[in-house]
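In the working numbering, the protein residues as written are 66 to 449.
A short write-up of the structure that comes next.
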Amino acid sequence: MKVALFHCIYKPDYRGGAEVVVENIARAIKNSGKDIFVVSVGRSDRHEIIDGIDVFRIKPFNIFNFLDINRQPAWKRLLWHVIDLANDIQTWKIFKLLLKEKPDLIISNNLKGLGYGVPLLAKLMNIKHVHIIHDMQLIHPSGLYRDGQLLNFLEKAYLFFCKSLFGNPSKVVFPSFHIRDTYDRLGFFKNSTKVVLGNPLPLNVNIKKLKKDKKDDEVVFAFVGQIEEYKGIIGLLKALPGLGGNWKLLVAGDGKAIAESKKISLDLGRVVFYGHLNQDELEQKIWSETDVLINPSMVAESFGMVVIEAYAKGIPVLASDSGALPEIVKDGKTGWIFKSGDWYDLRHRLEFIIANQQAVRELSANCLREAERYAMANYLKELF
């Protein structure tokens, strides 16, 4: 079987968790013995080989490259999205590539910058099509959408065109019931087979507790992710002053709120910022030191990749009740849930954890068992 894997960004370019998931799926498919090639956005049209996988980069026909979208003003991004939705030149480039490579299966992910002609091409060329949802990108161009959020006219138009262009792939894979139900309510994929599959653990992540049992009473918390206000990092830091007990917070990641985060933390003296860390660095500096991961997100998370990575190291998670997080974090079994945006509730949970360290240790074995559910082999079995 020959598989065409589409995603807007592919290594060495990265933006978020979706890129890590897609890269690992590509490598796992290759390791399974199937023929695979990747199609992604590039600075130029070119072919390269990465990890033994053929990668075809397509330069977008648009007013700027998708790789630069975060640096553009709102008016320019609006025009870019209009062109991206109906980009016949991109569709033609992909059509020629599919004719040449002749895949048996198309697996599409986020298609920003590649144009939204892939579902139509799959239908016209009679190629089985599996689409993997990672976020709310087909509902809102930012990929961020809160339950019940009112859309303006342009956002409604965007949603309508996405719904029409994607139609009904053979199968649609959702990382959580929360995100599946959101797409269902808005009328997407009415005639597709729908499967809920939590994102798989990266191939290079071993399920093994790293932190040794300690003799002191210090509790080490960690925040791993984008340093953005909507991820809850500012609220978390503002909840810490006056928190009693022996604790510290490790922060790994980067983003627009990094300067404000460091400013708030100055007087605390217990917050360590590491910046962006790769997988090996995370193991050495974060997972080997952490007792509890904190995920205080204020937006409707479609999954929570960092949560299952923490589980794989036997680390319980304190998470908000935003989006899919309550599906992944089982309150009292693999961690604790607090009300999103309620920093008093978060503070109360932190105080409980500091005062009840034995409870933290007792959850570690549950987390390791839960991580087994997200093995890549299980994911591929359902994907095909």
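Where is the CB? At the ideal position from N, CA and C, for every residue including glycine.
Everything numeric in this text was worked out from a predicted model, so none of it was measured.
Closest by CA to residue i, which one among the options?
| i | options | result |
| --- | --- | --- |
| K404 | M190, V364, G182, V270 | V364 |
| P391 | W408, I373, A377 | I373 |
| V195 | Q423, L314, A69, Y409 | A69 |
| N127 | A324, G334, I118, L143 | L143 |
| K167 | F338, D100, L132 | D100 |
| L230 | I244, L203, S241 | L203 |
| V371 | D396, D281, F288 | F288 |
| L428 | Y376, E416, D410 | Y376 |
| V104 | N174, L305, Y79 | N174 |
| I114 | Y409, F102, R250, D282 | F102 |
| I192 | M201, Y181, I172 | I172 |
| V106 | Q137, Y181, K141 | Y181 |
| D249 | F338, M201, K188 | M201 |
By how many angstroms is the C-alpha of residue j removed from the C-alpha of residue i?
| i | j | result |
| --- | --- | --- |
| K236 | I272 | 30 angstroms |
| S97 | M441 | 11 angstroms |
| N135 | W145 | 12 angstroms |
| N256 | L170 | 19 angstroms |
| K398 | C432 | 8 angstroms |
| A153 | L186 | Before going further, note that residue 153 is Asp rather than Ala in the sequence given. Roughly 11 angstroms between the two C-alpha positions. |
| N269 | V316 | 22 angstroms |
| V87 | Y223 | 25 angstroms |
| L150 | P125 | 12 angstroms |
| L216 | Q155 | 28 angstroms |
| G82 | G388 | 16 angstroms |
| R92 | G307 | 47 angstroms |
| R111 | K158 | 12 angstroms |
| A139 | K76 | 27 angstroms |
| V147 | K378 | 44 angstroms |
| C73 | I402 | 33 angstroms |
| Y295 | K165 | 43 angstroms |
| P381 | E84 | 24 angstroms |
| M190 | K259 | 22 angstroms |
| D116 | V425 | 39 angstroms |
| K228 | G252 | 8 angstroms |
| K161 | P184 | 15 angstroms |
| D78 | S207 | 19 angstroms |
| I90 | K67 | 14 angstroms |
| F242 | R80 | 24 angstroms |
| S109 | K188 | 27 angstroms |
Specify the secondary structure class of residue i as computed by DSSP and reduced to three states.
| i | result |
| --- | --- |
| T258 | strand |
| G400 | strand |
| L179 | coil |
| V371 | helix |
| Y409 | helix |
| Y295 | helix |
| H205 | coil |
| N152 | coil |
| G340 | strand |
| L415 | helix |
| E229 | According to the sequence shown, residue 229 is Ser rather than Glu. DSSP places S229 in helix when its eight states are reduced to three. |
| R111 | strand |
| S105 | strand |
| S330 | helix |
| R42 | As shown, the chain starts at 66 and ends at 449. That puts residue 42 outside it, with no answer to give. |
| F160 | helix |
| N135 | helix |
| D356 | coil |
| L314 | strand |
| D100 | strand |
| H199 | coil |
| V238 | strand |
| F129 | coil |
| V68 | strand |
Assuming residue i contacts residue j under a Cβ cut-off of 8 angstroms, what Cβ separation, rounded to an integer in Å, is found between them?
| i | j | result |
| --- | --- | --- |
| Y439 | G263 | 5 angstroms |
| V284 | W312 | 5 angstroms |
| A436 | L266 | 7 angstroms |
| S385 | P361 | 5 angstroms |
| I123 | K95 | So it is not a contact: roughly 21 angstroms between Cβ atoms. |
| K276 | E354 | 7 angstroms |
| R434 | L383 | With 8 angstroms as the limit, R434 and L383 do not qualify as a contact, their Cβ atoms being about 19 angstroms apart. |
| L445 | V238 | 11 angstroms between Cβ atoms; not a contact. |
| G340 | D319 | 6 angstroms |
| L411 | A304 | 5 angstroms |
Would a C-beta distance cut-off of 8 angstroms place residue i and residue j closer than the cut-off?
| i | j | result |
| --- | --- | --- |
| K321 | E293 | yes |
| F286 | I351 | no |
| S459 | I244 | Past the boundaries of the shown model lies residue 459; the chain is included only from 66 to 449, so the question cannot be answered. |
| G178 | F121 | no |
| L176 | F71 | yes |
| G300 | G406 | yes |
| H199 | P240 | yes |
| Q423 | D282 | no |
| I419 | G334 | no |
| L342 | S326 | no |
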